[in-house]
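Colleague: After the structure tokens below, expect a handful of questions from me.
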Amino acid sequence: MGLHAAAPAAGTVPGAQGTVAKVALILAIGLFWGGNWPAVKTVLFELPPITLRAIGFSTGALALLAWARARGLPLKVPAAEIPWLAATGLLNILAFNLCTAFAQLMMPTSRAAIIAFTMPVWAALLAIPLLGERPGGRQVVGLALGLGGLLVLLGPEALRGGAGDLAGPFLVVTAAVSWALGTVLMKRRGSWRSHVAVVTGWQYALSALPVIVLAAVLESAPGPASWHLPTWLALGYHLVFSICIAQILWFVIVKRLTVAQSTIATLVIPVVGVAGSILVLGDPLTARVLIALALVVSAVACVMVRRRRSD
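For the sequence shown, the working numbering begins at 230 and goes up steadily by one.
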């Protein structure tokens, strides 16, 4: 998908065509970011977390800004947009990715993916004072179904962990709140004069600066010549589909949908993440996963598919 897909604003694609476009965005986000969870875990077997984020953020910044320059897009961001760019980038990219990377070293990837997507709860709460949004009846039902799916996936084990097991979940909750606040701020900003690739590229550049310094000071990573094939493949997936494509699509989906729709739509991602953990990392397939899948799909359908009379 070309980056010019970001151009239409909310409401410009009517009726069924608009619904199809929204569903396509949701499925792409679900696939790319969901598959990124086992991919990142695979890379973390060989690379330390800050080094991984330094590679990812630097690649995203260079790739997106180079693409924008090649297309003749202005790289200069208007002064009024810089504070919003910085705040949303530090929340959506830097804080979220650092917290989730460290969390995956402390807990199973499938559980980390589940906890991260309590994000809709925090976003819905933050949208009330910051955006004045009030979720409709179907949004409330969809949120309840989606969170029910997450609770099914999480299971009763979450209540049996000791204090020493709380560091990983705490980091993932912090990541979820950071992502929620960044998403609400993106929505509050409204229209951006800068192209989405330029905004996202500068967000990556801003986030890359501190992690490059921290990686150089705190970590000692093995050289690329010693990386195994699974690391290369997982890193390639992470850089192309998560860093360069999914982040752009997230910017698009937040512009087109309400916060309630865009955040509940992300409940697809942990289902894909858990499925990827089963296929790639060997996690067991259980009835719990299948029940949660049905609940989450129902949540997305409840939010995204409107009755004909309301179109």
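From the three backbone atoms N, C-alpha and C, an ideal C-beta is built for every residue, glycine too.
Taking only three categories from DSSP, how would you classify M415?
Modeller: Three-state DSSP puts M415 in a helix.
Colleague: Looking only at its own chain, which residues have a Cβ that is under 7 angstroms from the Cβ of A445, when we skip the five neighbours before and after it?
Modeller: Counting only Cβ-Cβ distances below 7 angstroms, and skipping sequence neighbours, we find nothing.
Colleague: What does a CB cutoff of less than 6 angstroms around M230 pick up in its chain, not counting 5 residues either side in sequence?
Modeller: Its pLDDT being 33, under 50, M230 is placed unreliably in this model, and the value from its coordinates should be taken loosely. If we look at M230 and ignore the five residues flanking it on each side, it has no Cβ neighbours.
Colleague: Suppose you measure from the CA of S287 to the CA of Y433; what does that come to, to the nearest Å?
Modeller: Approximately 7 angstroms between the Cα atoms of the pair.
Colleague: Please report the Cβ distance between F470 and G264, rounded to the nearest whole angstrom; I am assuming they are in contact, meaning their Cβ atoms lie under 8 angstroms.
Modeller: Right, the Cβ-Cβ distance comes to about 7 angstroms (below 8 angstroms), so this counts as a contact.
Colleague: When DSSP labels each residue in this structure, what does P364 get in the three-state scheme?
Modeller: Coil, per DSSP.
Colleague: With E362 and T487 assumed to form a contact (beta carbons below 8 angstroms), what rounded beta-carbon distance in angstroms separates them?
Modeller: Yes, they are in contact, since the Cβ atoms of E362 and T487 sit about 6 angstroms apart, within 8 angstroms.
Colleague: Thinking P398 and M336 are a contact (beta carbons under 8 angstroms), I'd like their distance in whole angstroms, please.
Modeller: Right, their Cβ atoms sit about 7 angstroms apart.
Colleague: Check whether the segment 423-432 and the segment 348-359 are in contact - that is, three or more C-beta pairs closer than 8 angstroms.
Modeller: They do not touch, by the three-pair rule.
Colleague: Out of L519, R485 and L314, point me to the one whose CA is closest to L196's CA.
Modeller: Nothing can be reported for residue 196: it is not among the residues displayed for the chain, which extend from 230 to 540.
Colleague: Does the segment 467-486 come close enough to the segment 398-407 that 3 or more CB-CB pairs lie under 8 angstroms?
Modeller: Segments in contact, no.
Colleague: Within a Cβ cutoff of 7 angstroms, which residues of the same chain sit near T280, ignoring the five residues on either side of it in sequence?
Modeller: Closer than 7 angstroms at the Cβ level, and outside the excluded window around T280, lie A444, E448 and A450.
Colleague: Do T338 and W262 have their C-beta atoms closer together than 8 angstroms?
Modeller: Not in contact: T338 and W262 (Cβ atoms no closer than 8 angstroms).
Colleague: By the three-class DSSP mapping on this structure, what secondary structure does A275 have?
Modeller: One detail in the question is off: residue 275 reads as Glu in this sequence, not Ala. Correct three-state label for E275: coil.
Colleague: The alpha helix (DSSP H) that contains C328, what's its start and end?
Modeller: Segment F325 to Q333, the alpha helix (DSSP H) holding C328.
Colleague: For L458, is the classification buried or exposed, using 16 other Cβ atoms within 10 angstroms of its Cβ as the cut-off for buried?
Modeller: Result: exposed.
Colleague: Excluding sequence positions up to five away, which residues of its chain have a Cβ less than 7 angstroms from the Cβ of I520?
Modeller: So the qualifying residues of the chain are V381.
Colleague: Just to confirm my understanding: we take I258, look at its own chain, exclude 5 residues before and 5 after, and list those with CB closer than 8 angstroms. What are they?
Modeller: Around I258: A475, L478, W479, I482, A494, T495, V497 and I498.
Colleague: Using a 10 Å radius around the Cβ and a threshold of 16 neighbouring Cβ atoms, would you call V249 buried or exposed?
Modeller: With fewer than 16 Cβ atoms within 10 Å of its Cβ, V249 is classed as exposed.
Colleague: When the distance is taken between beta carbons, is V509 closer than 8 angstroms to G378?
Modeller: Contact: no.
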